[in-house]
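All residue numbers for the sequence shown refer to the working numbering, where the first residue is 37 and numbers rise by one.
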Amino acid sequence: MRALRPLLFWTHLVSGVVAGAVVLIMSVTGVLLTYQKQMTLWADLRGVEAGPPTPGAVRLAPDSLLALVAARGGKAPTTVVWRNGAEMPVEVQFGREGRQYLSAYTGEVVGTGSVAMRKVFSVATEWHRYLAMKDDDRATGKAITGWSNMAFLVLVLTGMILWWPRKLTWSAVRSVLLFRRGLTGKARDFNWHNVIGIWSAVPLALVVASATVISFPWASDLVYQAVGEAPPPRSPEGAAGAAAGTATLTATGTATGTATGTRPAPAPTPLVGDVYAVAAERMPDWRAMSLAWPKAADAPLVYTIDRGMGGEPTKRATLTLSRRGEPTTWQPFDSLTTGRQVRNIMRFTHTGEVLGFWGQTLAGIVSLGASVLVVTGLLLSLRRLLAWRRRGARAEASAVVAA
């Protein structure tokens, strides 16, 4: 261990110095993104009046409501979201062009979402994923954050070993396990670095390790291979975009060719039936049900029913219906292959959402702790560098005097 410790220390130090600035950016933006979904929905629905207009009012049939959307023309929806609750509006999303919140009782537009809140989270996400790089430079930004995240994983794992006291006594353990008052300078930074690192090590390792499956395709493939499954095939880059730009549908359901770059005609109003009854039958305690707007007149209807907060894969299921309303597939979490289950869990371990609100809170806390770890680590490294230079200057001065 004595021979290994210096190697681990210098690996830890060099990784921190090289990736420190990027890790700090990802940690700070990670804190900002902790409650993104809850805060966005709160901002969207603040001041929105979507309850029954009169006592005993009945919701519009979903098909009738969507017919009103199609009749307005213009934008083609991408997703429709129904939420459980008499006061909840229906959300119609139009991709990057925004969204509308409709009264479930009248079909009137009662809100268009909070532009300001979404802008804040959009900027934070751009920095978190791509270092705010745009267009063709995004791939470079993603590579930098991905490899910096890998360096951060090295920091966490080596730090777990380095904090272990050389002499296992209570006094030695207490000095790196508990915050100490009255410390300044190097002693304070060392104490904070060790204490925060120790208490956040395990959840931070999970958050950072799970990010690799988002950053690198090979890491995602390893998840499937580790459980003996073949990774799912990936569509060629740009195939989705090309398919989306070749054929859309008019409001009457007729296929129409569109040139790339022109505004697509609205897709047909799908015959969705009573989505509230479908959701209640499949998942009585459902909270949200979303429909991916079909791309063709005969395409099946693919619903996602969720009884969680949006990032809990164990509480989500996919229902596929034919256009005649006949169920074709029902895929709750436990019906997925082991590889897909593990992959989905790892995806939302990164944000903590896999454990719901308290998981998000824990992920936010350790992200804040990671910010302090980076700052104190860089300060300790800077102090080490300055001390080394002072020693060199003193040695040089002594040599001159001796000569």
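Note that beta-carbon positions come from the ideal geometry of N, C-alpha and C, so glycine has one too.
Under 8 angstroms between C-beta atoms of A324 and D342: yes
Helix, strand or coil for G345? Go by DSSP, reduced to three states. The residue you asked about is not Gly; residue 345 is Met in the sequence shown. Three-state result, M345: coil.
Identity of the residues DSSP links to L138 by a beta bridge: V126, V145
Just mark W329 as buried or exposed, buried being the case when its beta carbon has 16 or more other beta carbons within 10 Å. buried
Helix, strand or coil: which one does DSSP assign to Y71? coil
Please classify D225 as buried or exposed, where buried requires at least 16 neighbouring CB atoms within 10 angstroms. buried
Looking at the secondary structure, which residues open and close the alpha helix (DSSP H) in which R119 lies? Run containing R119: none in the alpha helix (DSSP H); it sits in the beta strand (DSSP E), 115-119.
Boundaries of the alpha helix (DSSP H) in which S434 is found, first to last residue: 392-438
Tell me which same chain residues have a C-beta within less than 7 angstroms of the C-beta of A79, skipping the five on either side of it? S150, M153
Of the residues T76, V146, E265, which one's Cα is nearest the Cα of L372? E265
DSSP three-state call for S184: helix, strand or coil? helix
From the DSSP output, in three-state form, read off A324 for me. strand
Would you kindly work out how many angstroms separate the C-alpha atoms of D171 and G177, rounded to a whole number? 10 angstroms
Which of helix, strand or coil does DSSP assign to T387? coil
List the endpoints of the continuous beta strand (DSSP E) containing A353. 352-357
Could you check whether I180 and V58 sit closer than 8 angstroms to each other, using their CB atoms as the reference points? yes
If distances are taken between C-alpha atoms only, which option among A103, L102, G147 comes closest to M124? G147
Along the chain, where does the beta strand (DSSP E) containing P368 start, and where does it finish? 363-368
Residue nearest to L101 in terms of C-alpha spacing, selected from W206, L40, P113: P113
Rounded to whole angstroms, what's the CA-CA distance from G293 to K331? Just pull it up for me. Note that G293 has pLDDT 39, beneath the 50 cutoff, so the model's placement of it is unreliable and the number below is only indicative. Rounded to whole angstroms, G293 to K331 spans 12 angstroms at the Cα level.
Would a C-beta distance cut-off of 8 angstroms place L240 and A160 closer than the cut-off? no
Grab me the residues of S358's own chain with a C-beta within less than 7 angstroms of its C-beta, minus the 5 sequence neighbours each way, in chain order. P336, T364
Would you grab the beta carbon distance between S63 and S417 for me? Rounded to a whole angstrom, and I think it's under 8 angstroms. That pair is no contact at about 17 angstroms.
So is P42 buried or exposed if we call it buried at 16+ other beta carbons inside 10 Å? exposed
From the DSSP output, read off the bridge partner residues of T90. T90 is not bridged to any residue.
Could you pull out every residue in the same chain whose Cβ sits closer than 6 angstroms to the Cβ of G52, ignoring the five residues on either side in sequence? L191, G413
Quick check on the DSSP output: the alpha helix (DSSP H) that includes R216 runs from which residue to which? Counting along the chain, R216 falls outside any alpha helix (DSSP H), and DSSP gives it neither H nor E.
Per-residue burial, T205 [other beta carbons within 10 Å of its own, 16 or more giving buried]: exposed
Could you tell me if E389 is buried or exposed, where buried requires 16 or more neighbouring beta carbons within 10 angstroms of its beta carbon? buried
Quick one: what does DSSP say V338 is sitting in, helix, strand or coil? strand
G309 (DSSP reduced to helix, strand or coil): coil
Whose C-beta lies closer than 7 angstroms to the C-beta of T47 among residues of the same chain, with five residues either side of it excluded? V190, T194
Can you name, in chain order, every residue of its own chain whose Cβ lies under 7 angstroms from the Cβ of W199, other than the five neighbours on each side? V212, N230, G233, I234
Along the alpha helix (DSSP H) that carries T248, what are the first and last residues, could you check? 221-251
State buried or exposed for W322, treating a residue as buried only when at least 16 other CB atoms are found within 10 Å of its CB. buried
Of the residues P98, T115, Y137, H164, which one's Cα is nearest the Cα of G83? Y137
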